[in-house]
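Chains as they are written, first to last, in our numbering: chain A, 1 to 196; chain B, 197 to 392. The C-beta atom is built at its ideal place from N, Cα and C for all residues, glycine as well. Please read these numbers as outputs of a predicted model, since none were measured by experiment. A short write-up of the structure that comes next.
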DNA sequence: TCAGTTAATAGACTAAAGTCTCTCAAGCAA
DNA sequence: TTGCTTGAGAGACTTTAGTCTATTAACTGA
């Protein structure tokens, strides 16, 4: 964040790149838990301390590596074309699930790491979790504005329930597929009134 | 599971009890991550190997300890009295949240541990997660039978979304309070139709 | 009583995370 | 060129999880 003040040896960006590449490769090959920090540093051809100079934990490094490679997992869904919000939500979820499935085990490990490290939890939440939550909330507000969703509904709560549903599936080894996207979307948008 | 066949020194149940008590006390005092297995064994006045003889990991031990002490966290909600399913769900959730809040950090750590150990994940899921999921699903089916919930709704999906919502809150350090219980229940049961 | 069996204790050992220190490298400004 | 500053490399050190082994304790059946 803060600009470098004066001299000193510049950080070698190739070392960062090599570490991220090595981390991603080893984690995908062997699984997050099986890969030691020493192994990542060795694979990158870099001293272990250099890794610690840049990231606090393996989780920080791997999150950044996965993130960067996948373009931050799914862009904001476009709201302003001809599609209904319902269709946009469904397509968005399908897209998210595709990305999640690619690094599924790694993401589970990252969520796990966030539970044992408050600092990492905060940065993970800020850079990854919250933005996604707000995308859905914004989409649901838009749906209310367009009359596709009743004003009586609670977009923040629905967003929590949507994200919760696939976190729950993710962490409990359930399927993350188009069917889930459709089922969630249906539950959100098709609301026949209770019989009196 | 299998009965003991013949002789041999009997396992000392006092050791198990002492280990569970020590684990619970130390974890609540210092936090799950800060407590080492050696410290638990020492506090219980028992050899470290004795702990490993009974549980595979710290997570197995702590889960059992927490479980036992809290009577498995919330009983099946009674379906057969005068209350509506909506009220039963709300009260059930309030009750669950009260329990969850007591050992909140510990439960987060247990969920985290389940992500790095397939064996523990399976036993956690079987003994803890699935039963709760089925309670809610059964309640929602009952609501459909009684006409409190439309037949068009998907009880399994709703159950996933409900549990997901509070897992998500739990893991992301959000509030687990009566307000959440009410908001969830409202989202589930009050479904004004979309405007045409 | 004694042989067989299983549990408990104590301690060694490995692998890994994380911290620390020392030395060298690479840039800056006077 | 000479300090000054910061990064990089190498390796020591501590703590912990987890495994393994040898020894002793407690119980059963013949």
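Under a criterion of Cβ atoms nearer than 7 Å, the residues of chain B adjacent to residue 168 of chain A are, in order, 356, 359, 360, 363.
At a cut-off of 7 Å between beta carbons, residue 135 of chain A makes no contact with chain B.
The criterion of a C-beta distance shorter than 7 Å is satisfied by residue 273 of chain B and residue 288 of chain B. Taking a contact as a CB-CB distance under 8 Å, the pair residue 378 of chain B and residue 286 of chain B counts as one, their CB atoms being some 6 Å apart.
Against chain A, a Cβ distance below 9 Å from residue 321 of chain B picks out 172, 173. Pairing residue 149 of chain A with residue 261 of chain B, the inter-Cα distance amounts to about 45 Å. DSSP places residue 289 of chain B in the helix class (H, G or I) of the three-state scheme. Across the structure, residue 360 of chain B and residue 42 of chain A are spaced so that their CA atoms are roughly 39 Å apart.
For the pair residue 177 of chain A and residue 357 of chain B, the Cα-to-Cα distance works out to about 15 Å. Put simply, of A:132, A:187, A:105 the residue whose alpha carbon is nearest the alpha carbon of residue 96 of chain A is A:132.
Of all residues in the region 295-324 of chain B, only 304, 305, 307, 308, 309, 310, 311, 312, 317, 321 place a beta-carbon less than 8 Å from a beta-carbon of chain A. Taking a C-beta distance under 7 Å as the contact criterion, residue 120 of chain A and residue 57 of chain A qualify as a contact pair.
With 16 or more other Cβ atoms inside 10 Å of its own Cβ, residue 20 of chain A counts as buried.
DSSP places residue 283 of chain B in the helix class (H, G or I) of the three-state scheme.
The beta carbon of residue 305 of chain B sits closer than 7 Å to those of 228, 229, all from its chain and outside the five residues before and after it, given in chain order. For the options A:185, A:128, A:82, A:126, the alpha carbon positioned closest to that of residue 146 of chain A is the one of A:82. Residue 302 of chain B is classed as buried because its beta carbon has at least 16 other beta carbons within 10 Å across all chains shown.
Inclusion of residue 118 of chain A and residue 158 of chain A in the CB contact set at 7 Å is not warranted, their separation being larger than that value. In the structure shown, residue 243 of chain B adopts coil according to DSSP, grouped into three states. Taken through DSSP and simplified to helix, strand or coil, residue 251 of chain B comes out as coil. Contact of residue 225 of chain B with chain A by beta-carbon distance below 7 Å is absent, the smallest such distance being about 17 Å. Annotation: the continuous alpha helix (DSSP H) that includes residue 155 of chain A extends over 155-171.
For residue 380 of chain B, the chain A residues whose Cβ falls inside 8 Å of its Cβ are 157, 161, in order along the chain.
In this structure, the alpha-carbon of residue 311 of chain B lies about 6 Å from that of residue 112 of chain A.
Within the same chain, and ignoring the five residues on either side of residue 44 of chain A in sequence, the residues whose Cβ sits closer than 6 Å to its Cβ are 18, 19, 22. Between the C-alpha atoms of residue 122 of chain A and residue 130 of chain A there is a straight-line separation of about 10 Å. Scanning chain A for C-beta atoms nearer than 7 Å to the C-beta of residue 286 of chain B yields nothing, as the closest lies near 14 Å away. Residue 381 of chain B is positioned such that its CB atom lies no closer than 7 Å to that of residue 352 of chain B. At least one C-beta of chain A is nearer than 7 Å to the C-beta of residue 383 of chain B.
Pairing residue 386 of chain B with residue 236 of chain B, the inter-Cα distance amounts to about 48 Å.
Pairing residue 16 of chain A with residue 54 of chain A gives a Cβ-Cβ distance under 7 Å. By the rule that beta-carbons nearer than 7 Å mark a contact, residue 260 of chain B does not touch chain A. Rounded to whole angstroms, the separation of the alpha carbons of residue 46 of chain A and residue 88 of chain A is 45 Å. A distance of 7 Å or more separates the beta carbons of residue 231 of chain B and residue 220 of chain B.
What residue 33 of chain A touches in chain B, judged by beta-carbon distance under 8 Å, is 312, going in chain order.
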